[in-house]
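Here's the structure we're looking at; comments come further down.
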Amino acid sequence: MNDTLLRLRDVEARTGLRRSHIYLLASRGQFPRPLKLGDRASAWIEAEITEWVRARIRASGRAVPLPRTSDVRS
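The C-terminal residue of the sequence shown carries number 663 in our numbering, and the numbering is unbroken.
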């Protein structure tokens, strides 16, 4: 499991969502909830964000293209 934490800017970049929509979906239970790091700091677990994105792709019925052999590094 990936224990990396993502800050809001990273979550926005990975999902294409803006801050207000991220928090709206989280409040509805439709998006991973952030962890409180302090009084004014929050972060999300990278694995949860990755799974949320993958679930959206699966729900769309679109296949995720596999990397070309030339793109895979040894």
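Note that CB positions come from ideal geometry on N, CA and C, so glycine has one too.
Next item on the list: Could you tell me the boundaries of the alpha helix (DSSP H) in which ALA632 lies?
Entry: Here residue 632 refers to the residue found at position 43 when the sequence shown is read from its first residue. Counting along the chain, ALA632 falls outside any alpha helix (DSSP H), though it belongs to the beta strand (DSSP E) covering 631–634.
Item checked: Unbroken alpha helix (DSSP H) run spanning THR604, endpoints -> Along the sequence shown, read from residue 1 onward, the residue named residue 604 stands at position 15. First-last of the alpha helix (DSSP H) with THR604: 597–604.
Notebook entry, point to check: For ALA551, which of HIS610, ASP628, GLN619 has the nearest alpha-carbon?
Noted result: A query on residue 551 cannot be resolved here, the shown segment of the chain reaching from 590 to 663 and no further.
Notebook entry, point to check: Looking at the structure shown, is LEU624 part of a helix, part of a strand, or coil, going by DSSP?
Noted result: Taking the sequence shown and counting its residues from 1, one reaches residue 624 at position 35. LEU624 falls in the strand class under three-state DSSP.
Notebook entry, point to check: In terms of alpha-carbon separation, which member of ARG617, GLU635, LEU624 lies closest to ARG603?
Noted result: In the sequence shown, counting from the first residue as 1, residue 603 sits at position 14. Among ARG617, GLU635, LEU624, the Cα nearest to that of ARG603 belongs to GLU635.
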